[in-house]
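As structure tokens, the structure follows; a few thoughts come after it.
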Amino acid sequence: MTLRATDRPSGVPWYNDEKTRGVLYQVVLLAVVLFVGWWLVSNTLRNLEQRQISTGFGFLWREAGFAIAEQRIRFEPTDSYARALIVGLLNTLEVSAIGIVLATLLGTVVGVARLSTNWLIARLATVYVEVVRNIPLLLQLFFWYAFITQSLPGVREALHPLPGVFLSNRGLAVPVPEFNEGQAWALVGGAIGIAASIFLARWARKRQDATGQPFPTIFAALGLIIVFSFIGWLIGGAHSALSIPEKSGFGFSGGAELSPEFAALLIGLTVYTAAFIAEIVRGGVLAVAYGQTEAAMALGLKSGLVMRLILLPQALRVIVPPMTSQYLNLFKNSTLAIAIGFRDFVSVDDTVMNQTGQAIECVALIMAVYLTVSLLISSFMNWYNNKVALRGSTR
Amino acid sequence: MLQRLFLAATFIVAAIGNAHAGMTFDAVKARGMLVCGVHTGLPGFGAPNEKGVWSGIDVDLCRAVAAAMFGDATKVKYVALTNSNRFTSLQSGDIDLLARSTTATLARDTTNGINFAPVNFYDGQGFLVATKRNVKSLPDLRGATVCTLSGSTSEQNLADYNRIHKMSFQAIAFEKIDEVVSAYNTGRCDVLTTDKSQLGSLRATQMTTPDDHVILPETISKEPFAAAVRHGDDQWLDLVKWSLYAMIEAEEAGVTSKNVAEKAKSADPNLQRLLGVNGNMGKALGVDDKFAYRIVEQVGNYGESFDRNLGPASRINLERGLNHLWTNGGLHYAAPFR
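For the protein sequence lines, the chains are A and B, in the order given.
Offset between the first sequence (1-based) and my numbering: plus 220.
Offset between the second sequence (1-based) and my numbering: plus 1205.
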């Protein structure tokens, strides 16, 4: 028999009633939280006022007055602090996104390599993991930065491996297509190619389900995307002008440049995080019962196919949740950028904090930005985890 | 960076918790020790020697204030601060006085909640470049990559200059001066820009062969360095102000650490007021009447401090230039002791 709260025996006072108490505790807790929050905010404001430190986010619209070396959207010193922060945020997102993709690829390769039956490959992978994950990331960043800036020659003696490509301690300068409106057609073509690939993949899957015939979907899809983009480019007028970097004065003009700061940060984050990811992948693969491998081999699958078709899909269930933490780590570790002069969000925010003196607002911005993006990453990963998770039997 | 975030966090905690920011003057007096925010290591301005003893022209100001307050210039605890965390340290009450080659500007004076004492060093921003680049003046540097400190006035001045003269500089900003110097030394940037005195100091102390580097003649900004206290801390600001004035006035009056005892016996009423023989000047500030006497005795006058830290007696060997007294064509001019 379950005893409901309303069934309280007579003689028990109301404040001993289970339900009333439950509500009471919630109310008290809420009141305490609200009070502490109010006290923190009002006390901070009063103190700031007492010390005549101005508050509020109005400063964001003032002119920044400093330059940012690395920018994905146009930024001039005459633009606002807000725009400067957006430039920094885009840099952070760019390096994190590329870093996450590269670290996943490298980590998976190394993790699988550690399981290899080839003695040398397995040992090399082990050494990599043990060395890299046990050295602080900041040191590794300094190492990569010093490595790039010291080992590469100066601008005048820049390495020149291919026409239009220069490698120096100022970074890598490469030719890029000059933008022309006609090139938008190539993008349209690419989009059509992607859409066609999706249909193709569905069709191929249906056919394989029905007949067992495999279809080289990946190569076909790549072909489709390339062909359609090419057609689009032709329709757009086949503009082929390139902006080619040339030595001029102290640096290069034209082309696109990849800075040593960006490269060092990207390599550092990728190499470091990949070591952790490798262990997660290894653990995930080992978590799949060995009988699965034996069964797959008994069916005559080659070892690459065993990994790709049997082991990895099952291992993903174990891999995805801890992988989320690694992605979050990589994203947050990108704040070390300031040590090697890369203008990420924190670095720009730091300059803004210095120029405006709005320490609390600037720190609040850092918290808000990193919290928001971290939550976005983890909700995406949760969605993906749900997708690969073992569900109640469907067949 | 962690240290900076930590400081920002302590600042917030302090801003939250400390409802009654006591007046610094009384707090320092009660503590018996002055907590002074100085540079992490800039020879000539604030740097510890191999025995951990701090020296520099900014450090001398800290010592002067301690001498005025306690009659003992050694009663100072030094806190090394970066460009980024200096203001938050002051605002949060971690330090009593910020003496860290900091340029006084309108925005810092107002929105940062701080007040500046009089200028203790007149500087201007310059450019350091390798001699082998064969650069004679600033216009030759068009398109160069320039390394600087993030959050400094140098970073802003550089952007302004770039804008006006269309120099297409590429600025790379680092948090610490060591990182700036190492980026310059590895050739990541062609030019290093910061205040000229600092360039002189770096050239003399951080470059393997100082003669391989040259400071260009142009000065692109005014950088009046001044110590700072928290806004609204008037009595404390008065003491800092008059401690510096005492050093400047002493130089003008020819009082040095060697002859101060002798000068105190002089019949000159100006000297008598300065050295506390007459006039109760110290009492008005809330310290001993002989405060200026103690400063000169233990720290020296402004000229002595300059020569010892930045002038011919130091490795840096800076021209005195604008930092001469007004009587010698410079800008240092103390308000009268009366």
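Cβ atoms here follow ideal geometry from the backbone N, Cα and C, with glycine treated the same way.
The structure presented is a predicted model; accordingly, all values stated were derived computationally and were not measured.
So is Phe-363 of chain A in contact with chain B if we call contact Cβ pairs under 9 Å? As a working note, residue 363 of chain A is residue 143 in the first sequence. Not an interface residue.
**Study point:** Among B:Gly-1508, B:Asn-1290, B:Lys-1234, B:Lys-1427, the one whose alpha carbon lies nearest that of Val-572 of chain A
**Key:** Working through the first sequence from its first residue, we reach residue 572 of chain A at position 352. Answer by Cα proximity: B:Asn-1290.
inquiry  = Does the region 1500-1510 of chain B come into contact with the region 1451-1471 of chain B, if we say contact requires no fewer than three beta-carbon pairs (one atom in each stretch) closer than 8 Å?
reply    = yes
Problem - Minimum Cβ-Cβ distance from Gly-285 of chain A to chain B less than 9 Å - result: As a first step, residue 285 of chain A must be located in the first sequence, where it is residue number 65. Yes, its Cβ sits closer than 9 Å to a Cβ of chain B.
Report the three-state DSSP secondary structure of Arg-1338 of chain B (helix, strand or coil).
Here residue 1338 of chain B is taken as the residue at index 133 of the second sequence, counted from 1. The answer is helix: DSSP assigns Arg-1338 of chain B an H, G or I state.
* Asked: For Leu-1421 of chain B, which beta-bridge partners are listed by DSSP?
  -> Reading the second sequence from its first residue, position 216 is the one you call residue 1421 of chain B. Per DSSP, none; premise fails for Leu-1421 of chain B.
Give a yes or no on whether the minimum CB-CB distance between Leu-1421 of chain B and chain A is below 9 Å.
Locating residue 1421 of chain B in the second sequence gives position 216, counting from the first residue. So, not an interface residue.
Note to self: What are the residues in the region 1368-1391 of chain B lying within 9 Å of chain A by C-beta distance?
What the structure shows: Listed by position along the chain: Arg-1368, Ser-1373, Phe-1374, Gln-1375, Ala-1376, Ile-1377, Ala-1378, Phe-1379, Glu-1380, Lys-1381, Glu-1384, Val-1385, Ser-1387, Ala-1388, Thr-1391.
**Asked** Rounded to the nearest angstrom, how far is the Cβ of Thr-1399 of chain B from that of Leu-1444 of chain B, given a contact under 8 Å?
**Response** Here residue 1399 of chain B refers to the residue found at position 194 of the second sequence. Here residue 1444 of chain B refers to the residue found at position 239 of the second sequence. Between Leu-1444 of chain B and Thr-1399 of chain B the Cβ distance is about 30 Å, and since that is not below 8 Å, they are no contact.
- Cα-Cα separation, Pro-233 of chain A to Phe-551 of chain A: Here the question's residue 233 of chain A lines up with position 13 in the first sequence. Here the question's residue 551 of chain A lines up with position 331 in the first sequence. Going from the Cα of Pro-233 of chain A to the Cα of Phe-551 of chain A covers about 54 Å.
Problem set entry | Alpha-carbon to alpha-carbon, Gly-327 of chain A and Thr-240 of chain A | Within the first sequence, residue 240 of chain A is the residue found at index 20, counting from 1. Within the first sequence, residue 327 of chain A is the residue found at index 107, counting from 1. Each residue's alpha carbon lies about 54 Å from the other.
When you compare the region 1343-1362 of chain B with the region 1377-1385 of chain B, are there three or more beta-carbon pairs, one atom per stretch, that lie closer than 8 Å? yes
query: Gln-1411 of chain B by DSSP, collapsed to three states: which one?
result: The residue labelled residue 1411 of chain B in the question sits at position 206 within the second sequence. Of the three classes helix, strand and coil, the one that applies to Gln-1411 of chain B here is helix, per DSSP.
Exercise. Mind the definition here: the region 477-487 of chain A touches the region 325-339 of chain A only if three or more C-beta pairs lie below 8 Å; say whether that holds.
Key: Between the region 477-487 of chain A and the region 325-339 of chain A, the count of Cβ pairs shorter than 8 Å is below three; the stretches do not touch.
Worksheet item: So is Ile-1428 of chain B in contact with chain A if we call contact Cβ pairs under 9 Å?
Response: The residue labelled residue 1428 of chain B in the question sits at position 223 within the second sequence. In the sequence as displayed, the identity of residue 1428 of chain B is Glu instead of Ile. No, Glu-1428 of chain B lies away from the interface with chain A (no Cβ there is under 9 Å from its Cβ).
Would Ala-1349 of chain B and Ala-1364 of chain B be called neighbours here (beta carbons separated by less than 9 Å)?
Residue 1349 of chain B sits at position 144 when you count from the first residue of the second sequence. Residue 1364 of chain B sits at position 159 when you count from the first residue of the second sequence. In this structure, Ala-1364 of chain B does not lie closer than 9 Å to Ala-1349 of chain B by Cβ.
task: Would you list, in chain order, the members of the region 456-488 of chain A that have their beta-carbon closer than 9 Å to a beta-carbon of chain B?
output: Ser-468, Gly-469, Phe-470, Gly-471, Ser-473, Ser-479, Pro-480, Glu-481
Quiz prompt | Those residues which DSSP pairs with Asn-1320 of chain B across a bridge | solution = Translated into positions along the second sequence, residue 1320 of chain B becomes position 115. Paired residue(s): B:Val-1434.
- Task: Mind listing the chain B neighbours of Ser-274 of chain A? Cutoff is C-beta to C-beta under 7 Å, in chain order.
- Result: Looking up residue 274 of chain A in the first sequence gives position 54. Ordered by position in chain B, the residues that pass the 7 Å Cβ test against Ser-274 of chain A are Thr-1316.
**Item:** Chain-ordered neighbours of Ala-1349 of chain B on chain A, where CB pairs are closer than 9 Å
**Value:** Counting from one through the second sequence, the residue named residue 1349 of chain B turns up at place 144. Simply Gly-469, Phe-470, Gly-471.
For this session: Kindly indicate which three-state DSSP category Pro-465 of chain A falls into: helix, strand or coil?
Result: By 1-based counting over the first sequence, the position of residue 465 of chain A is 245. In the three-state reduction of the DSSP assignment, Pro-465 of chain A falls in the coil class.
*Between the region 551-565 of chain A and chain B, which residues of the former have CB atoms less than 8 Å from a CB of the latter, in chain order?*
The residues in question are Thr-555, Leu-556, Ile-558, Ala-559, Ile-560, Gly-561, Arg-563.
Query raised in the report: Taking just the CA atoms, how far does Phe-565 of chain A sit from Trp-603 of chain A?
Result: The residue you call residue 603 of chain A lines up with position 383 of the first sequence. The residue you call residue 565 of chain A lines up with position 345 of the first sequence. Cα to Cα, Trp-603 of chain A sits roughly 27 Å from Phe-565 of chain A.
* Asked: So is Asn-553 of chain A buried or exposed if we call it buried at 16+ other beta carbons inside 10 Å?
  -> By one-based count along the first sequence, residue 553 of chain A stands at place 333. With 16 or more other Cβ atoms within 10 Å, it is buried.
For Val-1340 of chain B and Gly-1491 of chain B, I'd like the C-alpha separation in whole angstroms. In the second sequence, the residue the question calls residue 1340 of chain B occupies position 135. In the second sequence, the residue the question calls residue 1491 of chain B occupies position 286. As the crow flies, the alpha-carbon of Val-1340 of chain B is around 54 Å from that of Gly-1491 of chain B.
Please work out which residues of its chain come closer than 6 Å, Cβ to Cβ, to Ala-1309 of chain B, disregarding the five sequence neighbours upstream and downstream, and give them in chain order.
To locate residue 1309 of chain B, count along the second sequence from 1; it is residue 104. These residues qualify, in order along the chain: Phe-1321, Pro-1429, Ala-1431.
- Inter-residue spacing [alpha-carbon to alpha-carbon] between Ile-597 of chain A and Gly-1251 of chain B: Your numbering for residue 597 of chain A matches position 377 in the first sequence. Your numbering for residue 1251 of chain B matches position 46 in the second sequence. So the two alpha carbons sit approximately 45 Å from each other.
task = Say whether chain B places a C-beta atom closer than 9 Å to the C-beta of Ala-312 of chain A.
result = Locating residue 312 of chain A in the first sequence gives position 92, where the first residue counts as 1. Note that residue 312 of chain A is Thr in the sequence shown, not Ala. With 9 Å as the cut-off, Thr-312 of chain A does not count as an interface residue toward chain B.
Q) With 9 Å set as the bound, which would you pick, yes or no: does the beta-carbon of Phe-1496 of chain B sit closer than that to a beta-carbon of chain A? A) Against the second sequence, residue 1496 of chain B aligns to sequence position 291. No, because no Cβ of chain A sits closer than 9 Å to the Cβ of Phe-1496 of chain B.
- request: Report yes or no: do three or more beta-carbon pairs, one from the region 571-585 of chain A and one from the region 1311-1330 of chain B, lie closer than 8 Å?
  value: yes
Review point. What runs of the beta strand (DSSP E), each 3 residues or longer, lie entirely inside the region 555-614 of chain A?
Key: You should have found no qualifying run.
| task | Determine, using beta carbons only, whether Pro-395 of chain A and Gly-384 of chain A come nearer to each other than 9 Å. | result | Within the first sequence, numbered from 1, the residue matching residue 395 of chain A stands at position 175. Within the first sequence, numbered from 1, the residue matching residue 384 of chain A stands at position 164. In contact: Pro-395 of chain A and Gly-384 of chain A (Cβ atoms closer than 9 Å).
Point to revise | Option in A:Ile-288, A:Gly-471, A:Ile-539, A:Phe-277 with minimal Cα separation from Ala-609 of chain A | key: Taking the first sequence and counting its residues from 1, the one referred to as residue 609 of chain A is at position 389. It is A:Ile-539 whose Cα lies nearest to the Cα of Ala-609 of chain A.
| task | May I have the straight-line CA-CA distance separating Gly-276 of chain A from His-1418 of chain B, to the nearest angstrom? | result | Within the first sequence, the letter at position 56 stands for residue 276 of chain A. Within the second sequence, the letter at position 213 stands for residue 1418 of chain B. If I take the Cα positions, the gap works out to 45 Å.
**Item:** As assigned by DSSP and simplified to three states, the class of Thr-298 of chain A
**Value:** Taking the first residue of the first sequence as position 1, residue 298 of chain A is located at position 78. When DSSP states are grouped into helix, strand and coil, Thr-298 of chain A belongs to the coil group.
task: Using the Cα positions of Ile-558 of chain A and Leu-313 of chain A, report the straight-line distance between them to the nearest angstrom.
output: Along the first sequence, one-based indexing puts residue 558 of chain A at 338. Along the first sequence, one-based indexing puts residue 313 of chain A at 93. Using only the alpha carbons, I get a separation of about 15 Å.
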